[in-house]
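Undergrad:
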Amino acid sequence: MTPSHAHQPMRWGLVLVICVWTGAAQASAADPALTLSDALDIALRSNLALGAARARHAVGVAGVGVASALPNPEAEANYTTSRPHQAFLVKETLPFWGRRSAAIAVARGELGLVDLGVEGVIQQLRHDVRVHYYGLLFALRAEEIGRLELQNDRELLELTRARFEHGDTPELEVKQARLSAGRAEATLGTLSSEVDIARGELNLDLGREREAPIVLAGHLEERPPLPDVARLVERALGEGRDARELRQRVAVEESRLRLARTGWVPDLTAGAGAEFDDPDFSVGPQFSLGLTMPLFNRKGAEQSQARAALEMLSREREALRQRVSTSLSSSFARVQAADAQVKLYSGSLVPSASEVRELYRDSYREGAVGILNFIDALRSEREVQLGYARALFDLERALADLEREAGVELNDGPAPD
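Encoded structure:
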């Protein structure tokens, strides 16, 4: 074989490595790691349910246009046997300007309610993205813990086999180690399925395909500062979506009441036209004025309905104040409980479980304890690590619930000491 032919497979191998490396680099560039802020931005741009909700704004704008439109004119043509034989008349109803302005105010108020409804969809989407973002981080952490458990159980199996071959341990311990490794492998398969489910939920929020790859830049240990609950209640009553929606509903009903109060004002109908074939003239002008007499319907029922709605909203305002204060206090208590669990795990349980596992490992190597004791220590450490990850996720979920309940973003800083 010539030197050129000898180096040809090497060159092809180098080309293959370069292509694989380039493709991996392009895939990495195409799918950058997402922070929570990045995920929220993508969801606000691409979520299909939010896009459908935003389309309601156009419906509300059209409603304002409907309320602003003037009535169409009426054309009337007459032919009689008396003279003049023919007449042509164009009429236009001129609505009372106060009635038209009140109708426009009602339509604009309803448009504001539509926009507040879109804000509600956005708040729910922010909640879901945050929960599913940290839910995926939790699933990945659990899968990592399961993978480490499988690795430890396999190492334990090899160690037990070596001790059995040297006559230091019975065959029963080898079977027990093999059973523990098989159980860890089955658990890892379940945890991997949980990762796929969590990834699909987050991709749905982001408007992507369920199986689309996604890389997260965040960490479960990103513990945000806890908000000041008193300040949060104040913000919720002033800036919260529920409070603003209630004020908007009051404004709409007040506009409806003003619209109903214009029912006693008649509409004016003016007309102009011409008459033909009269003995005294060939063509003559014709004018008319008409009024809609508000004798039987002065919108009294509509006024009563609007007043009753305003009374109902006044009571809802008091109920909202009480509900917001109570619900936010309860939600904040759940946040504090979750935060206390995180501190307990990070400060005591996780270090202790790791220390106990190392002590049992050394004792098992020296033959001081049996394999069941060592397996229990490994399993206890795994449960503690999973509990710590679950506590971190529960804290993020409790904060997401608190933000949704308040109707404002949790950006007012930590609570004072």
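Numbering (this note's numbering), first residue to last: 1397 to 1813.
Note that CB positions come from ideal geometry on N, CA and C, so glycine has one too.
Keep in mind it's a predicted model, so treat the numbers as computed, not measured.
Who are the Cβ neighbours of Trp1417 in its own chain at under 6 Å, not counting the five residues just before and after it?
TA: Only weak support is given to the placement of Trp1417: the predicted model assigns it a pLDDT of 41, under 50, and the value that follows is read from those uncertain coordinates. Taken in chain order, the list of residues that qualify is empty.
Undergrad: Could you say if the region 1636-1651 and the region 1495-1511 meet the contact criterion of at least three C-beta pairs nearer than 8 Å?
TA: At 8 Å Cβ cutoff, the stretches touch.
Undergrad: For Val1625 and Ser1725, which I take to be in contact (beta-carbon distance under 8 Å), what is that distance rounded to the nearest angstrom?
TA: That belief holds up - the Cβ atoms of Val1625 and Ser1725 are roughly 6 Å apart, short of 8 Å.
Undergrad: Would you check if the region 1619-1635 and the region 1675-1689 touch, i.e. whether three or more CB-CB distances between them fall below 8 Å?
TA: Because the criterion of three Cβ pairs below 8 Å is not met, the region 1675-1689 and the region 1619-1635 do not touch.
Undergrad: Considering only C-alpha positions, which residue in the set Ala1471, Ser1748, Glu1539 and Phe1534 is nearest to Phe1789?
TA: Here the closest residue by C-alpha is Phe1534.
Undergrad: Using the rule of at least 16 other Cβ atoms within 10 Å of the residue's Cβ for burial, across every protein chain shown, is Phe1728 buried or exposed?
TA: Buried, because 16 or more other Cβ atoms sit within 10 Å of the Cβ of Phe1728.
Undergrad: May I have the straight-line CA-CA distance separating Gly1447 from Gln1482, to the nearest angstrom?
TA: One C-alpha to the other measures close to 57 Å.
Undergrad: So the candidates are Arg1703, Pro1620, Pro1621 and Leu1685; which of them puts its Cα closest to the Cα of Arg1654?
TA: Minimum Cα distance to Arg1654 is reached at Arg1703.
Undergrad: In the DSSP assignment, find the unbroken alpha helix (DSSP H) run with Glu1539 in it and report its ends.
TA: Per DSSP, Glu1539 belongs to the alpha helix (DSSP H) from Trp1493 to Glu1561.
Undergrad: For the alpha helix (DSSP H) that Ala1381 lies in, which residues bound it at each end?
TA: Summary: the structure shown does not reach residue 1381, with the chain confined to residues 1397 through 1813, and so no result is reported for it.
Undergrad: Take the Cβ of Ala1458 as the centre, count every other Cβ of all protein chains shown within 10 Å, and call the residue buried at 16 or more, exposed below.
TA: Flag for Ala1458 reads exposed.
Undergrad: Any beta carbon of chain D sitting closer than 8 Å to that of Leu1755?
TA: The structure shown contains no chain D, having only a single protein chain.
Undergrad: Quick one: using the 10 Å Cβ neighbour count with 16 as the cut-off for buried, is Lys1571 buried or exposed?
TA: Result: exposed.
Undergrad: Can you tell me which of Glu1470, Leu1616 and Leu1584 puts its alpha carbon nearest to the alpha carbon of Tyr1784?
TA: The candidate whose alpha carbon is nearest that of Tyr1784 is Leu1616.
Undergrad: Out of curiosity, what's the CA-to-CA distance linking Glu1712 and Arg1719?
TA: Straight-line Cα distance between these residues: approximately 10 Å.
Undergrad: Would you tell me roughly how many angstroms separate the C-alpha atoms of Leu1553 and Ser1748, rounded to the nearest one?
TA: In a straight line, the C-alpha of Leu1553 is about 24 Å away from that of Ser1748.
Undergrad: Quick one: residues in its chain with C-beta nearer than 8 Å to the C-beta of Ala1420, no 5 flanking neighbours on either side, listed in chain order?
TA: Low confidence applies to Ala1420: its pLDDT is 38, below 50, so where it sits in the model is not reliable, and the reading given next is rough at best. Around Ala1420: no qualifying Cβ.
Undergrad: The alpha helix (DSSP H) with Phe1692 in it runs from where to where?
TA: It is not in any alpha helix (DSSP H) - Phe1692 carries neither H nor E in the DSSP assignment.
Undergrad: Rounded to a whole number of angstroms, what is the C-alpha to C-alpha distance between Leu1512 and Ser1651?
TA: If I take the Cα positions, the gap works out to 18 Å.
Undergrad: Classify Pro1747 as helix, strand or coil using the three-state DSSP reduction.
TA: Pro1747: helix per DSSP, three-state reduction.
Undergrad: Excluding sequence positions up to five away, which residues of its chain have a Cβ less than 6 Å from the Cβ of Val1517?
TA: Same-chain partners within the cutoff: Leu1446 and Ala1449.
Undergrad: Quick one: which unbroken beta strand (DSSP E) runs of 3-plus residues sit fully inside the region 1610-1683? Chain order, please.
TA: List check, beta strand (DSSP E) in window: 1664-1672.
Undergrad: With a threshold of 16 other CB atoms inside 10 Å of the CB of Asn1693, please say whether the residue is buried or exposed.
TA: Exposed, by the Cβ-count rule.
Undergrad: Just the Cα atoms here: how many angstroms apart are Leu1798 and His1528?
TA: Spanning the two alpha carbons is a distance of roughly 16 Å.
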